[in-house]
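J.:
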Amino acid sequence: MANLVVSYPRHEGAQFDAAYYRDTHIPLVERAWTQAGMTGAEILWPADDGQPFAAMVVLRFTDSSAIDAALGSPATPEVLGDVAKFTDIQPVLYRTA
Numbered sequence: 492m493a494n495l496v497v498s499y500p501r502h503e504g505a506q507f508d509a510a511y512y513r514d515t516h517i518p519l520v521e522r523a524w525t526q527a528g529m530t531g532a533e534i535l536w537p538a539d540d541g542q543p544f545a546a547m548v549v550l551r552f553t554d555s556s557a558i559d560a561a562l563g564s565p566a567t568p569e570v571l572g573d574v575a576k577f578t579d580i581q582p583v584l585y586r587t588a
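When we follow the working numbering, the leftmost residue of the sequence shown carries the number 492, and every step to the right adds one.
1) If we count the other Cβ atoms within 10 Å of its Cβ and call it buried at 16 or more, is residue 523 buried or exposed?
2) What separation, rounded to the nearest whole angstrom, lies between the Cα atoms of residue 552 and residue 583?
3) Let me confirm a value: residue 530 is counted as buried when at least 16 other C-beta atoms fall within 10 Å, else exposed. Which label applies?
4) Okay, do the region 553-565 and the region 496-511 touch, 3+ Cβ pairs below 8 Å being the bar?
5) Relative to the C-alpha of residue 494, which candidate in 558, 575, 574, 516 has its C-alpha closest?
6) Compare the C-alpha of residue 510 against each of 585, 577, 588 and name the closest.
7) Could you tell me if residue 588 is buried or exposed, where buried requires 16 or more neighbouring beta carbons within 10 angstroms of its beta carbon?
8) Where are the alpha helix (DSSP H) runs, 4 residues long or more, that stay fully inside the region 492-564, in chain order?
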């Protein structure tokens, strides 16, 4: 199993719509990338506003090549284009083997 962790580091004045992220963006990601080998998504919410990230998500894949397939899929531009609808934070990606 391999993971793609997407985090949203807070900055002064940052906007993040948690409801849109949970109810619209993550289902979009699941529809777009399940065919490529994504097996699940777990959103990690901060315990309080003092945490360094507005949110993180662990996207689980069958293996590293499935992450590559998802990121290179025709559906990825729609996933990336949706980010501006819920945040002005530049996401940070972290891959695990």
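Even for Gly, the Cβ is constructed at its ideal location relative to N, Cα and C.
T.: Result, derived from the coordinates:
1) Buried: at least 16 other Cβ atoms inside 10 Å.
2) Residue 552 and residue 583: Cα-Cα distance of roughly 18 Å.
3) So residue 530 counts as exposed.
4) A contact between stretches requires three or more CB pairs, one per stretch, nearer than 8 Å, and the region 553-565 fails this requirement with the region 496-511.
5) Nearest C-alpha to residue 494: 558.
6) Among 585, 577, 588, the Cα nearest to that of residue 510 belongs to 577.
7) Under this definition residue 588 is an exposed residue.
8) Correct list: 517-524, 555-562.
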